[in-house]
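Taking the numbering used here, the leading residue of the sequence shown gets 963, the next gets one more, and so forth. C-beta atoms are modelled at their ideal positions from N, C-alpha and C, and glycine is treated no differently. Here's the structure, in C-alpha cells; my notes come after.
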Amino acid sequence: MAGPFDLTGRTALVTGGSSGIGQAIADGLAAAGADIVLLSDVPSMDESIEMVEKRGRRAEAIVLDLARTSEIEPAVAPLLARTQLDILVNAAGIIRRQPAAEFSAENWQSVLDVNLTAAFTLSKLLGGPMLARGHGKIINIASMLSFQGGALVTSYAASKHGLVGLTKALANEWAARGVQVNAIAPGYITTRTTDPLRADPARDAEILSRIPAGRWGTPQDVSGAAVFLASPAADYVTGHVLAVDGGWLSR
Ligand SMILES: NC(=O)c1ccc[n+]([C@@H]2O[C@H](COP(=O)([O-])OP(=O)(O)OC[C@H]3O[C@@H](n4cnc5c(N)ncnc54)[C@H](OP(=O)(O)O)[C@@H]3O)[C@@H](O)[C@H]2O)c1
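See below:
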C-alpha cells in the first residue's frame, strides 16, 4: 500500500524549477514518485530534467517569462489539455534592491508580476481542473519577508506578504472541494538570489548571528516540506505557512 508521502501517479508543475529552491523541490517530488513539468525563463533546464529522470520519473520543460502575464494561459493551456496536473509549486521569484524613495516603477511591477500575479494566474488555471476532480495541491514559496519588511526590497516584501494573503484566500474557498493551498516560508537559503548577501562579510555575519541553527539553509532543506505539503499526509493542512528557517522567526 502507498505510504502517506507517496506521490506515484501524480504530476507536478514547478515554476522556478531551473535552479535553487525550485530545482530542489522538483527533485524531492520526483524522489517521492511524481512526474515533473518544469517552468522557467531560461532556454535550457537540462540539469533539472536530468535530476528528475535520474529518479526514474518523467520530466519536461516549459520556457516562459512569467512577467508576461498575458502569455501564461496560452503557454499552459496545451499542457493542461494533455496532462493531469495534480500539484502546482509557485517557486519562481525575483528580487530588486533599491531604496524605497527611489524605487522605480519597473522594479516594483516586475517583482509583483513574477512573484504574485503569476502565482495567482497559474493557481486559477490549474485550480479549475483540480476543483473539477475534487483534489489538488498548490504550494507557494513565500519568505521571511512575508512576515518582515527587510531593507531595500519594497516590492519583494509586498509580493511575499501578498502571496500569503493569496494562499489563505484560495485555501478558504477551495478546502471543501478537495484542493489544499499552502505556503512554505524559507529562511536564508544558499542560492543565486542570496549570493549578494553572502558576498558581503558584514551582512553575512549579521544574518548568521540571527539564525538559531547557526548556518544558512540549503535548497534541499526546503524540499522535504514541499513533499509533505504535496502528499496525502497533508490532506487536512490548508491555508498554512510552513517556515523552514533554522529558527529565524522564533528568535
Ligand atoms: N534563497 C533564499 O534565501 C530564499 C528565501 C525565501 C524565499 N525564496 C524564494 O524562493 C524562490 C526561488 O528562489 P531561489 O532563491 O531558489 O533563487 P533562484 O535560484 O534565482 O531561482 C529563481 C527561479 O525563478 C525563475 N524565474 C525568475 N524570473 C522568472 C521569470 N520572469 N519567468 C519564469 N521564471 C523565472 C528562475 O529562472 P531562471 O533560471 O530563468 O532565472 C529560477 O528558476 C523565489 O520565489 C524566492 O523568492 C528564496
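No Cβ-Cβ contact shorter than 8 Å links residue 1053 with residue 998. About 7 Å separates the CB atoms of residue 1193 and residue 994; that is less than 8 Å, so the two are in contact. The beta-bridge partner set that DSSP reports for residue 1025 consists of 1002. Fully enclosed beta strand (DSSP E) runs of no fewer than 3 residues occupy 1141-1148 of the segment 1116-1180, in order along the chain. Non-local C-beta neighbours of residue 1014 in its own chain, meaning closer than 7 Å and more than five positions away in sequence, comprise 988, 989, 992, 998, 1021, ordered along the chain. Annotated as proximal: residue 1147 and residue 1104, with beta-carbon spacing under 8 Å. Burial state of residue 1077 is buried, judged by a 10 Å Cβ sphere holding 16 or more other Cβ atoms. Around the CB of residue 970, fewer than 16 other CB atoms lie within 10 Å, so the residue is classed as exposed.
Ranked by Cα distance from residue 1028, the options 1062, 1127, 1142, 1075 are led by 1075.
Between residue 1145 and residue 1155 a beta carbon distance of about 17 Å is seen, past the 8 Å cut, so the two are scored as non-contacting. Here the alpha carbons of residue 1097 and residue 1135 stand approximately 13 Å from one another. Residue environment analysis places residue 1198 among the exposed positions, since fewer than 16 neighbouring C-beta atoms fall within 10 angstroms of its C-beta.
When secondary structure is reduced to three states using DSSP, residue 1206 falls in the strand class.
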